[in-house]
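J.: Residue numbers (my numbering): 70 to 680.
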């Protein structure tokens, strides 16, 4: 992933909540961000990568939103119903307390899979409280005009690409573009709103209070039953459980794909250009995803993701960058053209807003290590791979034996030209080494002499040219002296012993140069230009990798302190964006799957080391 800090931008900060002031809800097909003020300011329908319906997080004026809040001054607190992805936002006012319960029922494929219902239930729990709602969709990323046909308790928003029906137990009004409602609740009273995609046989349907209660209970039951399968019983159970629930939320159930994040173009640096679309599937996430899911006991999720990977990643094709693309659409498509939406101002003025991702055309050799490592882990802990899949693995490894020594764009998807990145070489070594392990363990046919020769050549090249005696560390590129946090993967990938003197020296060098109070920068863009303007924030994946590196080196007190510090950077409901800014703010797309995957791995291994 194109993986950044700072402040800037021209937009009025009062019009935008901090990125971290959101919770996530979803139905395993799409997701919505709900702010701590009760506003849904990001929602794509009917799936993660569809054009947005609400996108005020990217443009407060043109993006569209669903406001729902008390009409009197009130403090708010937000939390998840325990062990679920049902989000509750509470309003505390002088005359009463009320809460919004936000959730999306997870529908069985065989029953109304096209409805995509988003339910918002407002309940007054003490005293009395007046509320207002304003539903202002802006279809097609705010570029597509729509009509509204409203009755007393129902409104239909229609545009050429999609139609949505809003039903409410409170009266609705419209001005022909937006719909609003004002209502006052006494203790024990409630109002229910439901937003459905309609068409293709799905018609508007009211959601009366009894049905809302029934769907609330069913949704709670779905998530708590799913989470009960987790095998993790360690010290950080609450954070690991929340990470697992978040990863499940980011899963596209029809194919088993897991998106990198639910959003596009949330900036890595406010006011900067490092804004990317993460609503796709990165092959790089594969091994981390399979490892985390299998470690926690979610074998069916690991199996579904492996099915997605094998169907797309092993498909035959003569691409100049090899048999694999670095990412795919959630439906497996390979064409993800990158477009800039110039009519949107971007979060806090951070333009451009991008949809699609041009990095699909890059050569990133490290993805082969991630893919083959995930196959190896699944073969070891899940289910033995089939003979056909083994033949496909052989094709990939044979190609890699011929191509591992090419310069590429690297793990950070830089746009400054290809280089001989040490991390890319490391993961090529992983791919071939894991394939050799599988062949030996199961007696599978393979050109072992050739594979071993390539594996050993990569090892010797990294040790000879990837090590800087002057820096006393493994470095970013062959023959250079720039430090890079990606080499933290070396002991985790079993390339080097975690107590090897060269590795311990590298760990010390990284600690001195790239670590700031447990937070880890991926590299110094000044020392290693990446083709983009602006500075970087600390990268949360790297911070959790650092915890694991300390753990494996036996520095358990340091590892535990670094891990506990990282937990303080989570938001109020335990979610992480991609990066942490200078004053502890969350930056980048949100929430990010890779960060939660690395949290699970770090927690599991630190817990085991502590005993």
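From the three backbone atoms N, C-alpha and C, an ideal C-beta is built for every residue, glycine too. The structure displayed is predicted, hence computed values, not measured ones.
Mind checking who residue 584 pairs with in its DSSP beta bridge?
T.: Against the chain shown, residue 584 aligns to sequence position 515. According to DSSP, which records beta bridges pairwise, residue 584 is partnered with 589.
J.: Would you say residue 670 and residue 627 are within 8 Å of each other, going by their C-beta atoms?
T.: Reading the chain shown from its first residue, position 601 is the one you call residue 670. Reading the chain shown from its first residue, position 558 is the one you call residue 627. No, the Cβ-Cβ distance between residue 670 and residue 627 is not below 8 Å.
J.: Buried or exposed: residue 84, going by 16 or more other Cβ atoms within 10 Å of its Cβ?
T.: The sequence position of residue 84 within the chain shown is 15, counting from 1. It is exposed - the Cβ of residue 84 has fewer than 16 other Cβ atoms within 10 Å.
J.: For the beta strand (DSSP E) that residue 120 lies in, which residues bound it at each end?
T.: Mapped onto the chain shown, residue 120 falls at position 51. Looking at the DSSP string, residue 120 is not in any beta strand (DSSP E), and its letter there is neither H nor E.
J.: In the DSSP assignment, the alpha helix (DSSP H) including residue 458 goes from what residue to what residue?
T.: To locate residue 458, count along the chain shown from 1; it is residue 389. 456-472 is the extent of the alpha helix (DSSP H) around residue 458.
J.: Going by beta carbon distance, what residues of the same chain come within less than 8 Å of residue 425, once the five residues before and after it are set aside?
T.: For the purposes of this step, residue 425 is identified with residue 356 of the chain shown, where counting begins at 1. Here the set comprises 346, 405, 406, 407 and 408.
J.: What is the DSSP secondary structure of residue 404, counted as helix, strand or coil?
T.: By one-based count along the chain shown, residue 404 stands at place 335. Correct three-state label for residue 404: coil.
J.: Do residue 666 and residue 208 have their C-beta atoms closer together than 8 Å?
T.: Sequence index remark: in the chain shown, residue 666 carries index 597 (1-based). Sequence index remark: in the chain shown, residue 208 carries index 139 (1-based). Not in contact: residue 666 and residue 208 (Cβ atoms no closer than 8 Å).
J.: State buried or exposed for residue 558, treating a residue as buried only when at least 16 other CB atoms are found within 10 Å of its CB.
T.: Taking the first residue of the chain shown as 1, we reach residue 558 at position 489. Label assigned to residue 558: buried.
J.: Quickly, what does DSSP pair residue 199 with across the bridge? List them, please.
T.: Taking the first residue of the chain shown as position 1, residue 199 is located at position 130. Per DSSP, 253.
J.: Helix, strand or coil: how does DSSP classify residue 475 here?
T.: Against the chain shown, residue 475 aligns to sequence position 406. Looking at residue 475 - three-state DSSP - the assignment turns out to be coil, as it is neither helix nor strand.
J.: Return yes when the Cβ of residue 673 is within less than 8 Å of the Cβ of residue 364, no when it is not.
T.: Translated into positions along the chain shown, residue 364 becomes position 295. Translated into positions along the chain shown, residue 673 becomes position 604. Against a cut-off of 8 Å, the Cβ pair of residue 673 and residue 364 comes out as a contact.
J.: Rounding to the nearest angstrom, what Cα-Cα distance links residue 334 and residue 608 in this structure?
T.: Indexing the chain shown from 1 puts residue 334 at position 265. Indexing the chain shown from 1 puts residue 608 at position 539. About 16 Å.
J.: Roughly how many angstroms separate the alpha carbons of residue 421 and residue 656, rounded to a whole number?
T.: Translated into the one-based positions of the chain shown, residue 421 becomes position 352. Translated into the one-based positions of the chain shown, residue 656 becomes position 587. Distance between the alpha carbons of residue 421 and residue 656 is about 16 Å.
J.: I'd like to confirm the pairing. Which residues does DSSP put opposite residue 641 in its beta bridges?
T.: Translated into positions along the chain shown, residue 641 becomes position 572. According to DSSP, which records beta bridges pairwise, residue 641 is partnered with nothing at all.
J.: Look at residue 203 and residue 171 and say whether their C-beta atoms are less than 8 Å apart.
T.: For this step, residue 203 is matched to residue 134 along the chain shown. For this step, residue 171 is matched to residue 102 along the chain shown. No. Outside cutoff.
J.: Within 10 Å of its beta-carbon, does residue 679 have 16 or more other beta-carbons around it, so buried, or fewer, so exposed?
T.: Here residue 679 refers to the residue found at position 610 of the chain shown. With fewer than 16 Cβ atoms within 10 Å of its Cβ, residue 679 is classed as exposed.
J.: Would the beta-carbon of residue 700 fall within 8 Å of that of residue 152?
T.: This structure cannot settle anything about residue 700, because the visible part of the chain is limited to 70 through 680.
J.: Who pairs with residue 171 in a beta bridge, going by DSSP?
T.: What you label residue 171 is simply residue 102 of the chain shown in a count that begins at 1. Beta-bridge pairing links residue 171 to 156 and 189.
J.: Label residue 186 either buried or exposed according to how many other C-beta atoms from any shown protein chain fall within 10 Å of its C-beta, with 16 as the threshold for buried.
T.: If you number the chain shown from 1, residue 186 lands on position 117. Under this definition residue 186 is a buried residue.
J.: Report yes or no: do the stretch 479-495 and the stretch 431-438 share at least 3 C-beta pairs separated by less than 8 Å?
T.: They touch, by the three-pair rule.
J.: With respect to 7 Å, is the separation between the Cβ of residue 591 and the closest non-hydrogen atom of the ligand SAH below this value?
T.: By its list of ligands, the structure shown contains no ligand whatsoever, and the ligand SAH lies outside what it can speak to.
J.: For a test of the three-state rule: what should DSSP assign to residue 233, helix, strand or coil?
T.: Position 164 of the chain shown, counting from 1, holds the residue named residue 233. Looking at residue 233 - three-state DSSP - the assignment turns out to be strand.
J.: Suppose the cutoff is 8 Å on Cβ atoms and the five residues either side in sequence are ignored; what does the same chain contact list for residue 582 look like?
T.: Mapped onto the chain shown, residue 582 falls at position 513. Closer than 8 Å at the Cβ level, and outside the excluded window around residue 582, lie 552 and 593.
J.: From residue 652 to residue 585, what distance separates their C-alpha atoms?
T.: On the chain shown, position 583 is the one that residue 652 refers to. On the chain shown, position 516 is the one that residue 585 refers to. The straight-line gap from Cα to Cα measures roughly 12 Å.
J.: Which of the three DSSP states is assigned to residue 345 in this structure?
T.: On the chain shown, residue 345 is found 276 positions in, with the first residue counted as 1. Coil.
J.: Please list, in chain order, all residues of the same chain as residue 243 whose beta carbon is under 7 Å from its beta carbon, the five residues on each side excluded.
T.: Translated into positions along the chain shown, residue 243 becomes position 174. Only 217, 219 and 224 meet the Cβ criterion.
J.: The beta strand (DSSP E) spanning residue 136 covers which residue range?
T.: Looking up residue 136 in the chain shown gives position 67. Note, residue 136: beta strand (DSSP E), 134-139.
J.: Quick check on the burial criterion: 16 or more other C-beta atoms within 10 angstroms. Buried or exposed for residue 394?
T.: Along the chain shown, one-based indexing puts residue 394 at 325. Buried: at least 16 other Cβ atoms inside 10 Å.
J.: So residue 191 and residue 137 are in contact, right, with Cβ under 8 Å, and what is the actual spacing, rounded?
T.: Taking the chain shown and counting its residues from 1, one reaches residue 191 at position 122. Taking the chain shown and counting its residues from 1, one reaches residue 137 at position 68. About 7 Å; that satisfies the 8 Å criterion.
J.: In whole angstroms, what separates the C-alpha of residue 444 from that of residue 572?
T.: The count along the chain shown starts at 1 and reaches residue 444 at position 375. The count along the chain shown starts at 1 and reaches residue 572 at position 503. Whole-angstrom Cα-Cα distance: 27 Å.
J.: Counting Cβ pairs closer than 8 Å, one from the stretch 326-344 and one from the stretch 107-118, do we hit at least three?
T.: The answer is yes - the stretch 107-118 touches the stretch 326-344, with three or more Cβ pairs under 8 Å.
J.: For residue 497 versus residue 554, is the C-beta distance shorter than 8 Å?
T.: What you label residue 497 is simply residue 428 of the chain shown in a count that begins at 1. What you label residue 554 is simply residue 485 of the chain shown in a count that begins at 1. Going by C-beta atoms, residue 497 is not nearer than 8 Å to residue 554.
J.: Just to confirm my understanding: we take residue 544, look at its own chain, exclude 5 residues before and 5 after, and list those with CB closer than 8 Å. What are they?
T.: Locating residue 544 in the chain shown gives position 475, counting from the first residue. The answer, listed in chain order, is 491, 535, 536, 537, 550, 551, 552, 553 and 556.
J.: Following the continuous alpha helix (DSSP H) through residue 443, name the residue where it begins and the one where it ends.
T.: Residue numbering aside, residue 443 sits at position 374 when the chain shown is read from its first letter. 435-446 is the extent of the alpha helix (DSSP H) around residue 443.
J.: Hey, how far is the Cα of residue 668 from the Cα of residue 613?
T.: Sequence index remark: in the chain shown, residue 668 carries index 599 (1-based). Sequence index remark: in the chain shown, residue 613 carries index 544 (1-based). Between residue 668 and residue 613, the C-alpha separation is close to 6 Å.
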